[in-house]
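These notes concern the structure reproduced below.
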Amino acid sequence: MNISVFGLGYVGCVTAACLADAGHKVIGVEIKRKKVDALNEGRSPFFEPGLSEVINRCAKQGTLRATTDVEEAVRLSDIALVCVGTPSSKEKGLQLDAVIQVCEGIGRALSKKEEYFVVAMRSTVLPGTSLEYCIPILEQFSGKRVGEDIGYCVNPEFLREGSAISDFHAPPFTIIGERDARSGDLLARLWSFVQAPLYRVPLGVSELVKYASNAFHALKIVFANEIGSLCRAYGIDSNEVMRIFVSDTKSNISSRYLRPGNAFGGSCLGKDLRALQFVAKKTDIDLHLLNAIIPSNNAHRERIANLVLGSNPKRVCFVGLSFKEGTDDLRESPAVQLVQRCLDEEVDVQIFDSDVLSSLYDDPHLKGTAQYMPDNVRSCIKSSMEEALDGVDLVVILKSISEKDYLQLKKWAQSGRRIIDLYGTLGRNAEELPCEINIMG
Ligand SMILES: NC(=O)c1ccc[n+]([C@@H]2O[C@H](COP(=O)([O-])OP(=O)(O)OC[C@H]3O[C@@H](n4cnc5c(N)ncnc54)[C@H](O)[C@@H]3O)[C@@H](O)[C@H]2O)c1
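For the sequence shown, full-length UniProt numbering assigns the number 1 to the initial residue and increments by one for each residue that follows.
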């Protein structure tokens, strides 16, 4: 393909060089003359292992060159990869000046081009940037319609400086945020040589996956450092602790606990965090991240309570009461607190939880369930889904639902009624239910 790459910084240079090396004809566009000259002389404008060699090879072969001329680059390419910087800004979160300038320039050049053309945003941009800025600007300056005459995709980059070339060839995934299949198809074809799973998603998903990834990487580093600081206070080898910690690929390094939904509860997480906070205070260590977990969890409980109570329901059905799936344990269960909050606000509550129900009937004095269930909550428990749904205008789902119970829910669901799914139970079924459905993340 004929490709233009806008912005010849770390991302743009690696992208331009590697695509040229993969057999494409690439033209880089940059406002800094020195970077343009470096590329055209076969040199990398900065140090990145292996990059100068690739640039040199491609410049000699004539598959890679650079310019300051936007119009020329658009005229000679079928697709533009935008790789300009998006640094921080106090007022707007990030500075979009370069992105806007490039979109205006490409738009202007497209007003003189007949052929179909795709603009792919590789720079990291906040959710909404494409719909609010990039697409309207491209349409305004080109006089063309995105999705018809031209295409637009969000296609974030995941390379890391220092290992950029190998990362470029084997990213964690290729993600294409698209509004129309034609532009997505073109990008999917472009990246077909890369060894990575491909996700084709709406624009916003693509924009946010990049932020979620970087935020999580930062979180991991800070977490490791706080655990390291605790280790030091105890005279414990932090590397040994973390070596063993990361070897748990069931709960620690896995997708477990990474599904948005309900707040955490139960007898262990809160208790152990409070214990660590106590030790940290005693030893004078500032554990900002670990200290923030319980307040953040409480804030999430509050968001859920606002969502539940916000529509002034008269009678609510809770599907699930224990703190998680497959247990009757009610200790620190967010659902118990939420039920009590509803009762305090004089909302009628009906609860169905088969795990809790079976232990209540088995022997309420021996099991933990009875002990942690206030009387006013216990009196809301119903013996079947059908009974729990009777006369309610809102259902809050906190656990998975059996097929039989789902059929009851389907019978209940009609317009004007509402479901809040905190467990992701409904999945694709959500589309077939005629009531309003909120999936809480
Ligand atoms: N650096 C990384 O490791 C990395 C990794 C993944 C994603 N990203 C994201 O990719 C984007 C680029 O990052 P970077 O580190 O390569 O930035 P950078 O600052 O190294 O490079 C940006 C380049 O764009 C040029 N530029 C500015 N305005 C221009 C214009 N109007 N026309 C043409 N060129 C213009 C600048 O002169 C500069 O050379 C950012 O959004 C960043 O968040 C960076």
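All C-beta atoms in this analysis are idealised placements derived from N, C-alpha and C, irrespective of residue type, glycine included. Just so you know, these numbers come straight off a predicted model, no measurement behind them.
Can you tell me which of the options puts its alpha carbon nearest to the alpha carbon of residue i?
i           : options               : result
residue 180 : 145, 282 and 218      : 145
residue 207 : 178, 307 and 9        : 178
residue 284 : 308, 241, 230 and 43  : 230
residue 301 : 316, 340 and 325      : 340
residue 106 : 119, 115, 97 and 114  : 119
residue 385 : 183, 278, 350 and 311 : 350
residue 156 : 191, 136 and 162      : 191
residue 9   : 234, 348 and 47       : 47
residue 359 : 345, 329, 376 and 387 : 329
residue 133 : 102, 116, 163 and 109 : 102
residue 72  : 263, 292 and 28       : 28
residue 355 : 21, 325 and 337       : 325
residue 184 : 243, 202, 169 and 193 : 202
residue 221 : 21, 435, 233 and 242  : 242
residue 319 : 287, 309, 313 and 352 : 352
According to DSSP, is residue i part of a helix, a strand, or is it coil?
i           : result
residue 216 : helix
residue 68  : coil
residue 158 : coil
residue 108 : helix
residue 194 : coil
residue 174 : strand
residue 385 : helix
residue 262 : coil
residue 166 : helix
residue 34  : helix
residue 21  : helix
residue 371 : helix
residue 416 : coil
residue 340 : helix
residue 323 : coil
residue 401 : coil
Excluding the 5 residues flanking residue i on each side, which residues of the same chain have their C-beta closer than 7 Å to its C-beta?
i           : result
residue 332 : 265, 266, 267, 270 and 323
residue 42  : 55, 56, 59 and 60
residue 392 : 315, 316, 317 and 350
Cβ atoms of residue j and residue i: under 8 Å apart, would you say?
i           : j           : result
residue 79  : residue 198 : no
residue 396 : residue 422 : yes
residue 412 : residue 426 : no
residue 68  : residue 26  : no
residue 125 : residue 84  : no
residue 122 : residue 81  : yes
residue 277 : residue 297 : no
residue 227 : residue 238 : yes
residue 223 : residue 289 : yes
residue 110 : residue 74  : yes
Quick one: what's got a C-beta closer than 8 Å to residue i's C-beta in the same chain, skipping five residues either side?
i           : result
residue 88  : 94 and 95
residue 128 : 204 and 207
residue 256 : 250
Tell me which same chain residues have a C-beta within less than 6 Å of the C-beta of residue i, skipping the five on either side of it?
i           : result
residue 167 : 159 and 160
residue 24  : 1 and 3
residue 373 : 330
residue 142 : 107, 110 and 111
DSSP puts residue i in a beta bridge; with which residues?
i           : result
residue 140 : DSSP, once it has assigned bridges, lists no residue as partnering residue 140.
residue 117 : 150
residue 4   : 27 and 80
residue 48  : Residue 48 pairs with nothing; no bridge assigned.
residue 199 : 175
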